[in-house]
Amino acid sequence: MTTATAGATPAPATPGTGHTRAAGGSVLDLPWVRFAVRRAGGLVLALALLVTVTFLIVPLIPGDPARAVAGSSATPQAVATIRADLGLDRPLPQRFVEYVGGLARGDLGTSFRYRVPVSEVVATRLPYTVQLAVPAIALVLLLAIPLGMAVGVLTRGGRRRPLDVAFGTVVGTVAAVPPYVLGTLLVVTFAIGLKLLPPGGAQTPASLVLPILALALGPACAVARVVRAETSSVLEQEFLRTARGRRLPPGWLYLRHALPNLLTSVLTLTGLVLTSLLGGTVVIENVFSYPGLGTEIVQAIVSKDYPVIQGIILCVGALALLVNLLVDVVLGIVDPRSLTGGHHGG
Amino acid sequence: MAVDTALLAEAALRGPAPRRAWWRSPSLLAGGMVLLVLVAVGVLAPLLLSGPAGTLTGDANLSPGGSHWLGTDPFGRDVLARALVATRLTLVMATAATALSFVAGVALGAGALLAPPRIRQVVLRVVDAAVAFPSLVLALVIAAVLGAGAGSAVVAIGLAGVPGFARLTYNLAQGVATRDFVTTAHLLGVPGPRVLTRHVLPNVSGPLLVLLTSSFALSLLEISGLSFVGLGVQSPQYDWGRLLNEALPSIYTSPWLVLAPSLMLVLAGVGAMLAGDGVARIVDPRQAHGTPAGRSGRTTRRKAEPEAAPADDAVLVVDGLVVEAAGRRLVDDVSFRVRPGEVVGLVGESGSGKSTIAMAVARLLADGLVAEARTLRLRDLDLLGRPPARRLATELGIVFQDPSATFNPALRLGSQLTEVLRVHLGRSRAAARDAVVAALTEIKVTEPARRLRQHPHELSGGMLQRASIAAALTTGPALLIADEPTTALDVTVQAEVLRQLRRLQREHGTAVLFISHDIGVVGALCDTVLVLRDGRVVDRTTGAALRAGEANHPWTAALLAARPGARRNEETA
C-alpha cells in the first residue's frame, strides 16, 4: 500500500504546497483510514436495513402469516404449530431481538420444507451462484474496458464514423435485451440448434458457459458504451496532450495515462451494473435450471418457505454490499482523490 | 440500463443547456415510433386477435409457417397472436409500476427536502443504503410478502424503483433550491410547498424524464422477469414473461414457442433504450458526442520542395508556416529562427495564433488543424517528415499552460516527470528518479523526493510549473517550448517561476520559444520578439527595445500601452 506510506510521512507545514493537513497529523487524517471510517458507517447502516427488511417479511404478510404458510386446508392445530414455529405468538420487538441474536450466532432458522437449518440450504446453493457471478463480473470488465477503449481510441476526434455507428447500434441493442431473453436465445441457438453446449444444469464446466454469457453480455455492453464515451472525453483532456508531447508509445499512452482517468467514472457506474447483475443471476438460474440461490428463492417464495427466503435475501444483499465495497476500494487505489471526496472522486 | 442518479443530477445542475428540438433526434423518433406501435398493438390486439390467441384447436405444436407465422402452442393456439395480445397486460403493468415508482419517489424526495433536518438525514441515509441493493432483491422481498401474482409483481417492481427517484428528486431539488430565484421566492414569503411546485419542480423535470424513460424500460423487463420465473402473472392470464415461462419446458420439442415473446421483449427493450437515449440527449446535449467531421491524412505536411538546408547553426527554423482549420487560416506564412541560447518570444492577443505556432512546431496540433510549411526543422531534424519519437521527446522540451489541467490527475508526479528518461533513454526507475530529484533541487522545489510520491492535486500550481520546467530540461533538449507557462498562476508566483526559468536557461544555454500574451513578461525575458496579430507576424523587435518602451509598429505600441501599469508609469513619469 504505497499510498498509505506516502501519506504517513510526517508533513511539515510547507507554505504553498496546496496540501492542507491538520497539525499533529492524527491517524484519522490518513486517506485510507478516513475512507474506512466513512465506508464502515455506510456499511453498518446498509446491513441494519437489510436485516430489518428481511425480518419484516413475515410480520408484513397480509392476514394471518401462519394460515398463509399452512394453506387453507390445514387444521387449526397445524396452523398453531406453524404460528409457534414462526414465533408469531410472541410480541414483535422480542421477535426482532431473537432474530438479530440468531443471525449473530449464524442461525438463520429452519426451512419449512426441508426441515434442515437455512444456513445449510444457503451453504449448498451459494457456491453455485458465486461460480456464476464471479466469472460473469470478470467477463464484464474484461470485455467492456478493452472494447470500449479500443473503439474510443479508434473513433477519437471524429475518426471512423462507420465504426462509431456500428458499435453504438450493436452494443446498444444487446444492452437492451434482458438477460433471461438472451439466455433463452443462447440456449435455442447453441444448445438446441448447434448442439455445442449443454442447455442447463451444473454438471460440467461447459454448462456454465451459456449462463455466464447470458449474465455478462448485456452489462458488458452497457459498460462498454460508457467506457467508449469516457475514453473520447479523456482523450481530449490537456494532460493527454502533455503525454503526447513526451512521445510515448501508444500502449503506454492509453494504458498508463488514459485508463486510470476513465476508471473513476466507469467504476462508479460499474458498481450499479454489477449489483444489478447479481439480481440477474436470480432470473438467469431459472432459464438454465441451475441449482443456485436464484432457483431456490423462487421455489421458496412459491411454497412460502419464509426462513429460506429471508436467508437468501440476506445472502444476496450482503454480496451486493461486498461488490460495492470492492468497487470503492479499487476506485480508491486507482484514483486517490475518491478516498477523501464524495461518491464521484471530486 | 442502470442510471446513475447522482451523475444525472450533476449534469442537470451544471447550468441551463441549449435544448435540442425533439424532432431533431433520430433515436427518439425511432424509439418513440417503436413504443407507439407497441401501444397500438396493446390496444388493438386483444380486440382483434382474442380468437386465435385463446381458442383451443386441434392444430397443436405446429412449427412456424403457413397460416401460423410463428407456429402454435400445445393447445393449438397461435403463438404470434398470443404474444401480441399479451402486449396490453405487459404495458399496463409496466406503466403502473413506473407510475408508482415516480409518484412515491418524487414525494419521498421532495418530502425529505421539506422535512426537519433530523428526519431528512434518516430518510436520505435509508434511501442511499437502499440504492446499494439490486432492485430485483427488493422486488423479491415484496413478492415474498404479497405472494406470487400480477398485482404483487407491479407493487414489487414499483416500490423497488422508489429509492432511485427519491434520490434524484432530492439531489436536483436541493441543487435548485439554493439558486437565486428560489431564495428570492422564499424572501418574498412564498410558502414552501408552493416554491417547490412552482419554482423547483419545473426546473428539474428534464432529468426526471430521463429516469422515467429508463425506469419504464426496466420495469417492463423486470416484471416480465418475475412472470418468467413464475412469480408474476399467473395462468390463465399471460404477459410476455409468462409466455416465455410456458415455452421453456418444451424448448427441445418446440423451440419456436420462445420466439414470439422474445421478439416482443427485445423490441420493447430496444425501443425504450432508443427513446431514453433520445430524451437524455435533448435534456443534456453534452451527453451527445458532437465531434468534428472526419478528417484524414497527416497533420503536418510540406508545402513545396525545401530550400537547400543552409549551413547555419539555428536550433529551430520555421519558414512559411501556415495552419488551417476547416478552410480558416489560423497561422499565415510565419517564418522565424531560434539560434542556440536565444530566447524568442511570440506575443499577441488570444486568437493571434501564437500557441498554434508552438503546437505546430511541437507536432501536437489538435484534431482538425493542418499545418504546412516550406521548412520546419529542429537542428538537423526535419519536423515535416516522420521524426523519430525518441529524438523529438528528448530534444524538444515543452512546458504547457495550466498545470492544473496539463498534469495527469491520476498519476504520481514522479511517474509523469521521469517518463521521458525511462521510455526514451532507457534509464532505470531509480536513475530517472535521481535525475529528476536533482533537477527539482536545482529549481528550488522543497522536499523533491516526497513531491515525486505525491499526486498533482497535492501541489500548488507554481510548484508544478517549476517541476515541469525542471523535468523538461533533464534530457538536455535543444529547444524548450514554453506555452504561456505562467498565465494560470498568480502574480507573485509568476515572477518566481519566470526568474527560475531565466536562470536555468542561462545556466544550461537552452534555446527557448516563449509564448505569452503579456508583452511586459516577453520584454523582460526574451532576446528576440515576434508580435503576432490574426496569425501574421506584424512586427519583429527585441526584448531590449520593449524594455525601453520603444515600438516601431503601431500594434506593438498599442500592446505596450494596454499593459497594466503602463498608464501608471506614464502618470508618475
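Residue numbers (our numbering), protein chains in the order written: chain A, 1167 to 1512; chain B, 308 to 880.
Backbone N, C-alpha and C fix where the C-beta goes; we use that ideal spot for every residue, glycine too.
Tell me the rounded alpha-carbon separation between residue i and residue j.
| i | j | result |
| --- | --- | --- |
| A/Val1482 | A/Ser1442 | 11 Å |
| B/Gly721 | B/Leu623 | 30 Å |
| A/Thr1290 | A/Gly1275 | 16 Å |
| A/Val1336 | A/Arg1391 | 10 Å |
| B/Ala700 | A/Leu1421 | 19 Å |
| A/Val1263 | A/Leu1435 | 37 Å |
| A/Leu1313 | A/Cys1387 | 9 Å |
| B/Ala406 | B/Ala460 | 14 Å |
| B/Val410 | B/Ser662 | 54 Å |
| B/Leu796 | B/Thr863 | 25 Å |
| B/Val462 | B/Thr520 | 18 Å |
| B/Ser569 | B/Ala712 | 49 Å |
| B/Ser684 | B/Val341 | In the sequence under discussion, the amino acid at residue 684 of chain B is Arg, which differs from the Ser named in the question. If I take the Cα positions, the gap works out to 59 Å. |
| B/Ile664 | B/Ala865 | 22 Å |
| A/Gly1498 | A/Pro1426 | 11 Å |
| A/Val1343 | A/Gly1445 | 15 Å |
| A/Ala1357 | A/Pro1364 | 6 Å |
| A/Gly1359 | A/Glu1396 | 39 Å |
| A/Pro1301 | A/Leu1309 | 12 Å |
| A/Val1210 | A/Leu1196 | 21 Å |
| A/Val1474 | A/Val1287 | 8 Å |
Report the three-state DSSP secondary structure of residue i (helix, strand or coil).
| i | result |
| --- | --- |
| B/His824 | coil |
| A/Ile1223 | helix |
| B/Ile750 | coil |
| B/Ala633 | coil |
| B/Pro710 | helix |
| B/Glu791 | coil |
| B/Glu679 | strand |
| B/Thr663 | helix |
| A/Asp1251 | helix |
| B/Ala818 | strand |
| A/Thr1218 | helix |
| B/Gly383 | coil |
| B/Ile558 | coil |
| A/Ala1322 | It should be noted that the sequence gives Arg, not Ala, for residue 1322 of chain A. Note: A/Arg1322 maps to helix in three-state DSSP. |
| A/Val1493 | helix |
| A/Val1343 | coil |
| B/Val730 | helix |
| B/Leu431 | helix |
| B/Val586 | helix |
| B/Val540 | coil |
| B/Thr863 | helix |
| B/Val497 | coil |
With DSSP as the reference, identify every bridge partner of residue i, one or two as the case may be.
| i | result |
| --- | --- |
| B/Ala858 | The partner list for B/Ala858 (beta bridge, DSSP) is empty, contrary to what the question assumes. |
| B/His375 | B/Gly372 |
| B/Phe643 | B/Val625 |
| B/Pro470 | According to DSSP, B/Pro470 bridges with nothing at all. |
| B/Arg840 | B/Arg843 |
| B/Asp689 | B/Arg684 |
| B/Ile705 | B/Ile788 |
| B/Thr835 | B/Val651, B/Thr849 |
| B/Thr607 | B/Ala678 |
| B/Val638 | B/Val630 |
Which bits of chain A does residue i rub up against, with CB to CB less than 7 Å?
| i | result |
| --- | --- |
| B/Gly537 | Val1464, Val1468 |
| B/Gly576 | Ala1342, Val1343, Pro1344 |
| B/Arg432 | Leu1211 |
Show which residues of chain A have a CB atom less than 9 Å away from the CB atom of residue i.
| i | result |
| --- | --- |
| B/Asp380 | Within chain A, no residue comes near B/Asp380; the closest Cβ sits about 16 Å away, beyond 9 Å. |
| B/Gly675 | Gly1323, Gly1324 |
| B/Met580 | Gly1338, Thr1339, Ala1341, Ala1342 |
| B/Leu572 | Val1343, Pro1344, Tyr1346, Val1347 |
| B/Glu656 | By Cβ distance, chain A contributes nothing, its closest Cβ being about 21 Å from B/Glu656, past 9 Å. |
Which chain B residues are close to residue i, counting only those with a beta carbon under 7 Å from its beta carbon?
| i | result |
| --- | --- |
| A/Ile1475 | Ala451 |
Mind listing the chain A neighbours of residue i? Cutoff is C-beta to C-beta under 8 Å, in chain order.
| i | result |
| --- | --- |
| B/Leu718 | Arg1422, His1423, Pro1426 |
In chain B, which residues lie with their C-beta within 8 Å of the C-beta of residue i?
| i | result |
| --- | --- |
| A/Arg1410 | Leu671 |
Can you list the alpha helix (DSSP H) stretches of 4 or more residues lying completely in the stretch 1423-1453 of chain A, in chain order? Qualifying alpha helix (DSSP H) stretches, in chain order: 1425-1453.
Secondary structure, alpha helix (DSSP H): runs of 4+ residues fully inside the stretch 1232-1306 of chain A: Listed in chain order, the complete alpha helix (DSSP H) runs (minimum 4 residues) inside the stretch 1232-1306 of chain A are 1242-1252, 1258-1270.
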